[in-house]
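Colleague: Going line by line, the protein sequences match chains A and B. Just so you know, we're using numbering that gives the first Met the number 0 here: the first sequence kicks off at 0 and counts up by one. Just so you know, we're using numbering that gives the first Met the number 0 here: the second sequence kicks off at 0 and counts up by one. The beta carbon of each residue, even a glycine, is placed where N, CA and C say it ideally should be. Below you'll find the structure I mean.
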Amino acid sequence: MSAIEPTDADRYPLLSPDGRRMLDFLREHPHAPIYRNHSGNRLDAADLAHVRRHEAETLAATVGWPRNGHPDWLVSFLENVRQDVPHYRTYPTSTRLEDLPTTTRADFGQNIAAFVPDSVPTERMINFQTSGTTGHPLLIASHPRVAASYLAYHKRALRRFGVTLAATRGQVGVVLLGFQQTCFTYVSVTPSMDEAGLAKINLHPADWRDPAAPAAYLTALAPEVIAGDPLSFAELLRLEVHLRPKALLCTSMTLLDGLRKQLEAAFSCPVLDLYSLNEAGPVAVFDPRAHGHVLLQQRLYVEILDPAGQPVPAGQRGEITLTGGFNFCLPLLRYRTGDFASLAWHDGEPLLYGLEGRPVVRFRKPDGTWLNNIDITHALRPLPLARFAVHQRGDGTLAVSLEATDAIHAEALAALRKLFGPEARIKSVPFASPSGKVVQYSSALADAAP
Amino acid sequence: MNHEGPSLETLLRRIAETPSDFLAAPHTPGSRTGVHVNAVVSDLLTTYGHTVASLSDFETAENAADKRRAGLTLVLCWLLAEPALIATKLDVEPLHALLTEGATDLAAQFSAEKYLAEPERREELARFALARIDLRPSGETVAQAQDRLTALSSAERARVIKASRKAEQRAREIREALARKAAQESADKYTRE
C-alpha cells in the first residue's frame, strides 16, 4: 500500500497553468538546488473553501478565556472527544478538566491510532514525522486542511508586527530554510494565496551545484516570507544575500536576542519567534511589547501543570499543557508538551512568560550554590548563537557546545565564566549530534532537577 | 455508564412487575391480533417528550427471530417507562438504539420470558438497558457497573468482543493510512517544526 506513488494531480489538485509555471520556475531555475523530494498542498475546492473560512474566523477571533475560568467551547469539546476518541472514552466520568488524566508524547508514540477520532475518515490522512528533542520518532496524524490552516495563525502573528501577506500568482510566498545534512526539500504553490510559490530548501552545500547558487536562487525568488530555525538563519546571514522579505518566521529552537537583532538588521524586517509543535501547530508568538509569547489559537486552552498534573498557581512556572487545537485528526486533551513557562496576562490576553523548551535544570556553581538554566539563557542572550547546549558533568565541569564564530565563542565562554565564577571548570565540546535539535540543558548531578 | 441512574432495586422491582400485556405476541403483517409494537414505542417516546417521524424500525416481520426481538422491545418499553428513568430526560437516539439494536442483541441470547423468569437474567436486563443509555445503577462506580454487567451478560460480552474487533480494525486502518507513500509526503505548511 505504501508503494503507490502519488502524482502531481494528487499533490496539486487545483493547479492552474500559472501554478504550473511557478512550479517549473522554482524547479528549473539555473541556480535551483537539487530538490530531493515531492510534496504538495493536496487541497481540492472544498478544502480550499474550508481553509479560507478558517482563516477568516481565525483573523476575527478573540483568543483567550476568563481569568480563573475556562473557554466557552471547552464543555462541548470534552463531550465530543469523550465520545469520538477511543483513548478518551476510557477516562473517568468527571466533567472537570482538571480531574482528567494528562497525556504525553509517549502515549502518542505507543498507539497514535487511539487518539484519532472515529469520525475522521482515513483516506486522506497525512503524517508529520517528528523526532523531538528526546530522539523518539513519532508519527502525528494530520490532514491537508490542517497543514494549510497553519497560515491563518501565521497571518494572525504577523498582524501583531504590522505585516500583511499579499503574495499572489507569479510571486514566491515563502521559502522554508533548512540547514542539515539531510533535509526534506520540495516545491509547491499555496492555493489560498492565489498559487504563490513555496519552496522548501536546504542551505547545506551538498544540495547545491555551486557555492554561489543559494544566494543567487534566493535573490531570484525574492520570497515574501522566509521561515527557518536559528541554525538555517545563521547560515542565511553567512551567505550575505540581499533580500527584503516582509518577515522571518523562526521555529523549532530557542531564538536568542543576539541572533534576532542581527537578522532584523540584515533583512530590515521583524523576526517572529514562533512556539510551534507538530502536535498542535503554531501555539504562540513572542511579542517584545508583551515580554512573552502571545497565544494564537482561538480553540486551544493552555494549563500550566506541576509534575503531578495539578495546575500551579497563576504566575508560577510549570509544564505547558494543551487542550483543543485545530488538528481534527488529533484533538488534544491535557497534552503535556515537555515545554515550560508561566501563564501571565497582558491587555486581557493570556500569554506564556519565560518559555523554555525543556524542564528547568539547575547548575551548581563551584561554591555549592545553584543557578537556574534561565540564568544561562539570560547570560547568552545578547550573543548571536545559532545553537548551544550546556551539560554539567558529575564532577561539576560544564561541557559547553556552541555554534558561533571564534570571537563569539570566546565571548560566550567569558559570559559563562562571569556567571559561574573564576573557579568554574568550563570545557568546549562538539555537539552530540552534528545537526538538528539539541537538548539545551542537561546535568549528571543528582540534585539538578529542582 | 457515565451517569448515575436509578437504583438497581427500583429497576428489578419494575421488571418483576411487568404486566402480561407486554408479554403478548407482537402484531405481524400476517396476524389479525397481537400488540402493535410501533404504537407502544410511540407512546414511550412521547412520554419522554420526543416525536418520531418514522416507526418503521419497530414493525415486526413474520419470522421467529424478529418476533423474539419485538418481544424484548416491548419489555424494554415497560422498563423505560419507569418514572425515575423518564426523569433523566434521555435523548431519542440512545432510546431508539436500545429498542432496536439493544433488543436484537438481547434476543440473540434469551427470550423475553426467560429474562423475566430468572433473577440473574432480570439483573442482566436492567444493567444492559442502563449501559446502553449511558447510565449505571446509583451507588456504583463505572468500573463496578461494567464488571458486573460483563460477568452477567453474554450479550454484553459479545458486544465487548465485537467492539474490540472493530477498534482493532480501525487502528490498523489508521496505521496503514499513515504509512502510505502519500501520507509520508505530507502536505504544505508555511513553517516546519
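Let me know the alpha helix (DSSP H) ranges lying completely inside the stretch 383-427 of chain A, each 4 residues or longer, listed in chain order.
Modeller: Within the stretch 383-427 of chain A, the complete alpha helix (DSSP H) runs of at least 4 residues are 405-419.
Colleague: Can you tell me whether A/A431 is helix, strand or coil according to DSSP?
Modeller: On the first sequence, residue 431 of chain A is found 432 positions in, with the first residue counted as 1. If DSSP states are grouped into helix, strand and coil, A/A431 belongs with coil.
Colleague: What are the boundary residues of the beta strand (DSSP E) that includes A/C268?
Modeller: One-based indexing of the first sequence puts residue 268 of chain A at position 269. Unbroken run through A/C268: none, as it is neither H nor E.
Colleague: With distances taken from CA atoms, which of B/H95, B/E81 and B/N37 is nearest B/A60?
Modeller: Position 61 of the second sequence, counting from 1, holds the residue named residue 60 of chain B. When only C-alpha atoms are compared, the closest one is B/N37.
Colleague: What residues match up with A/H292 in a beta bridge as DSSP calls it?
Modeller: As a position in the first sequence, residue 292 of chain A is number 293, starting the count at 1. In the DSSP output, where bridge partners are listed per residue, A/H292 has A/F285 and A/L351.
Colleague: Whole angstroms is fine: what's the gap from B/R174's alpha carbon to A/L47's?
Modeller: Stepping through the second sequence from its first residue, residue 174 of chain B is reached at position 175. Stepping through the first sequence from its first residue, residue 47 of chain A is reached at position 48. Approximately 26 angstroms between the Cα atoms of the pair.
Colleague: Can you tell which of A/L332, A/V301, A/A156 and A/T103 has its C-alpha closest to the C-alpha of A/C249?
Modeller: Taking the first sequence and counting its residues from 1, the one referred to as residue 249 of chain A is at position 250. Closest option to A/C249, Cα to Cα, is A/A156.
Colleague: Starting from the C-beta of B/L105, find all residues in its chain whose C-beta is less than 6 angstroms away, skip the five residues before and the five after it, and write them out in chain order.
Modeller: Along the second sequence, read from residue 1 onward, the residue named residue 105 of chain B stands at position 106. Within the same chain, B/L105 has close Cβ partners L71 and A154.
Colleague: Pick helix, strand or coil for A/T133, following the three-state DSSP scheme.
Modeller: For the purposes of this step, residue 133 of chain A is taken as residue 134 along the first sequence, with counting starting at 1. Low confidence applies to A/T133: its pLDDT is 42, below 50, so where it sits in the model is not reliable, and the reading given next is rough at best. If DSSP states are grouped into helix, strand and coil, A/T133 belongs with coil.
Colleague: Can you list, in chain order, the residues of its chain whose CB lies under 7 angstroms from that of A/P229, leaving out five sequence neighbours each side?
Modeller: Residue 229 of chain A sits at position 230 when you count from the first residue of the first sequence. Closer than 7 angstroms at Cβ, skipping near neighbours: C249, M252, L254, L258, A385 and R386.
Colleague: With distances taken between CB atoms, is the gap from A/E27 to A/I139 smaller than 7 angstroms?
Modeller: The residue labelled residue 27 of chain A in the question sits at position 28 within the first sequence. The residue labelled residue 139 of chain A in the question sits at position 140 within the first sequence. For A/E27 and A/I139, no; Cβs fall outside 7 angstroms.
Colleague: Within the continuous beta strand (DSSP E) that includes A/T336, where are the two ends?
Modeller: Position 337 of the first sequence holds residue 336 of chain A. Looking at the DSSP string, the run of the beta strand (DSSP E) that includes A/T336 is L331 to H345.
Colleague: Determine the direct distance from the alpha carbon of A/G68 to that of A/A289, and round the result to whole angstroms.
Modeller: Start at 1 with the first residue of the first sequence, and residue 289 of chain A comes out as number 290. Start at 1 with the first residue of the first sequence, and residue 68 of chain A comes out as number 69. Cα to Cα, A/A289 sits roughly 22 angstroms from A/G68.
Colleague: Does any C-beta atom of chain A lie closer than 7 angstroms to the C-beta of B/E139?
Modeller: To locate residue 139 of chain B, count along the second sequence from 1; it is residue 140. Chain A, which has no Cβ nearer than 7 angstroms to the Cβ of B/E139, makes this no.
Colleague: Which residue's Cα is closest to the Cα of A/P383: A/I303, A/K260, A/T396 and A/D206?
Modeller: Taking the first residue of the first sequence as position 1, residue 383 of chain A is located at position 384. Checking every option, the nearest Cα to that of A/P383 belongs to A/K260.
Colleague: Express the C-alpha separation of A/P310 and A/E302 in angstroms, rounding to a whole number.
Modeller: Here residue 302 of chain A corresponds to residue number 303 of the first sequence, with the count starting at 1. Here residue 310 of chain A corresponds to residue number 311 of the first sequence, with the count starting at 1. Distance between the alpha carbons of A/E302 and A/P310: 7 angstroms.
Colleague: Give me the Cα-Cα distance between A/H241 and A/F266, rounded to the nearest whole angstrom.
Modeller: Reading the first sequence from its first residue, position 242 is the one you call residue 241 of chain A. Reading the first sequence from its first residue, position 267 is the one you call residue 266 of chain A. In a straight line, the C-alpha of A/H241 is about 8 angstroms away from that of A/F266.
Colleague: Report buried or exposed for B/S53, applying the criterion of at least 16 other Cβ atoms within 10 angstroms of its Cβ.
Modeller: Working through the second sequence from its first residue, we reach residue 53 of chain B at position 54. Burial call: exposed.
Colleague: Using the C-alpha atoms, what's the distance from A/Q82 back to B/R131?
Modeller: Indexing the second sequence from 1 puts residue 131 of chain B at position 132. Indexing the first sequence from 1 puts residue 82 of chain A at position 83. Their Cα atoms are separated by approximately 13 angstroms.
Colleague: Whose Cβ in chain B lies nearer than 8 angstroms to the Cβ of A/L197?
Modeller: In the first sequence, the residue the question calls residue 197 of chain A occupies position 198. Under the 8 angstroms cutoff, chain B gives D187 and Y189.
Colleague: Please decide whether B/K161 counts as near chain A, where near means a Cβ-Cβ distance under 7 angstroms.
Modeller: Residue numbering aside, residue 161 of chain B sits at position 162 when the second sequence is read from its first letter. Output row for B/K161: interface = no.
Colleague: In the DSSP assignment, the beta strand (DSSP E) including A/F362 goes from what residue to what residue?
Modeller: Locating residue 362 of chain A in the first sequence gives position 363, where the first residue counts as 1. R361 to R363 is the extent of the beta strand (DSSP E) around A/F362.
Colleague: Just how far apart, CA to CA, sit A/C268 and A/L262?
Modeller: Within the first sequence, the letter at position 269 stands for residue 268 of chain A. Within the first sequence, the letter at position 263 stands for residue 262 of chain A. Going from the Cα of A/C268 to the Cα of A/L262 covers about 8 angstroms.
Colleague: By the DSSP assignment, the beta strand (DSSP E) with A/C182 in it spans what residues?
Modeller: In the first sequence, counting from the first residue as 1, residue 182 of chain A sits at position 183. Careful: A/C182 lies outside any beta strand (DSSP E) and carries neither H nor E.
Colleague: Show which residues of chain B have a CB atom less than 9 angstroms away from the CB atom of A/M21.
Modeller: Within the first sequence, residue 21 of chain A is the residue found at index 22, counting from 1. Simply none; closest approach about 13 angstroms.
Colleague: Cβ of A/P70 within 7 angstroms of Cβ of A/Y300?
Modeller: Taking the first residue of the first sequence as 1, we reach residue 70 of chain A at position 71. Taking the first residue of the first sequence as 1, we reach residue 300 of chain A at position 301. Going by C-beta atoms, A/P70 is nearer than 7 angstroms to A/Y300.
Colleague: Which one of B/E172, B/A116, B/D187 and B/S30 has the shortest CA to CA distance from B/L22?
Modeller: By 1-based counting over the second sequence, the position of residue 22 of chain B is 23. Per the Cα distances, B/A116.
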